[in-house]
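Under the UniProt record's numbering, the first residue of the sequence shown is numbered 1, with each subsequent residue one higher. Heads up, the beta-carbon is just placed ideally off N, CA and C, and yes, glycines get one too. Since this is a predicted model, take the numbers as computed values, not measurements. Encoded as structure tokens, the structure appears first; notes follow it.
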Amino acid sequence: MVARTMSNIKLLQTLRGFNKTYFTVADLEKILELERDSLYVTLNRLVKAGVLIKLRRGVYQPEFQSLELEKVANEIYYPSYLSFESALSRYGILSQIPYTLTFATTKRSKKLTLSGREVEYRQLKKDYFFAYTIKEGIYIAEPEKAILDQLYMMSKGKGESDISEWSLVGLKKNRFLRYSKKFPRTVQDNAKKLTTKFGKYVTTLGEKE
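Here it is as structure tokens:
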């Protein structure tokens with residue numbers, strides 16, 4: 001339970017005014033106007049009081065944003081967008097919810113832990129970094145692109161998923177095949193094979209690109 005002292009309430013009001021999902025030690029040093037030694041003591045107290053949540057070393061989140069972990073993960077390693085298993089799960093293509101949050105990025109691949117949750121950033125070439133949109137403040141791959149991202153990683157032996165259990169209802173076949181042409185031949189071939197599965201449920205007549 002958050003200790004709602006006047007000083008804590010004022011701090012939360014101040015942090016809310018910045019419209020940020022997370023704060024670094026450097027940010028809080030300026031806001032609290034404390035020297036580093038005193039700052040760390042204060043930060044530990046605020047974490048124990050539930051005012052701040054320590055996401056990882058040097059990164060904190062106000063308690064009122066405790067449910068925005070995906071957004072923080074998206075912002076903390078930029079550019080990135082939610083894809084692979086996490087996006088597939090969101091779209092209902094995968095029935096299971098993965099424990100690890102998975103993002104695509106043009107930067108080097110990286111793994112970290114935020115507030116006890118594993119986050120994995122998988123590197124894509126800039127040519128493959130496209131077809132994403134923003135939903136609920138989070139950049140996320142379009143469903144067709146999330147599938148292609150997953151197929152690409154699987155072709156490199158860096159991802160596992162039982163394709164036979166994917167639910168492919170409602171996907172846009174033309175868009176899917178058009179996006180696939182930007183990927184290597186192996187991915188293109190696998191994409192064509194996959195369309196035979198969702199082609200039974202989706203018609204391309206009148207389909208918008």
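By the beta-carbon neighbour count (other beta carbons within 10 angstroms, threshold 16), E165 is exposed.
Note: I97 is not bridge-paired with any residue in the DSSP secondary-structure output. The C-beta distance from A141 to L124 rounds to 10 Å, too long to fall under 8 Å, and the pair is not in contact. I53 is classed as buried because its beta carbon has at least 16 other beta carbons within 10 Å across all chains shown. By the CB criterion at 9 Å, R122 and F84 fall inside the cutoff. The three-state secondary structure of L34, taken from DSSP, is coil. Bridge partners of I9 according to DSSP: none are assigned.
DSSP places A73 in the uninterrupted alpha helix (DSSP H) bounded by L69 to I76.
Judged by DSSP secondary structure, Q123 falls within the beta strand (DSSP E) whose first and last residues are R117 to Q123. Per DSSP, the beta-bridge partners of T113 are E118. Between Y60 and Y91, the gap from beta carbon to beta carbon reaches 9 Å or more. Note on P143: 16 or more other CB atoms within 10 angstroms of its CB, so buried under the neighbour-count rule.
Beta-bridge partners of F23 (DSSP): Y60. With 16 or more other Cβ atoms inside 10 Å of its own Cβ, E70 counts as buried. When the Cα atoms are used, K173 and A191 turn out to be separated by approximately 10 Å.
In this structure, DSSP gives T133 an extended state, which the three-state scheme calls strand. Looking only at S115, V187 and K126, the smallest Cα-Cα distance to V47 is reached by S115.
In this structure, the alpha-carbon of K193 lies about 58 Å from that of V41.
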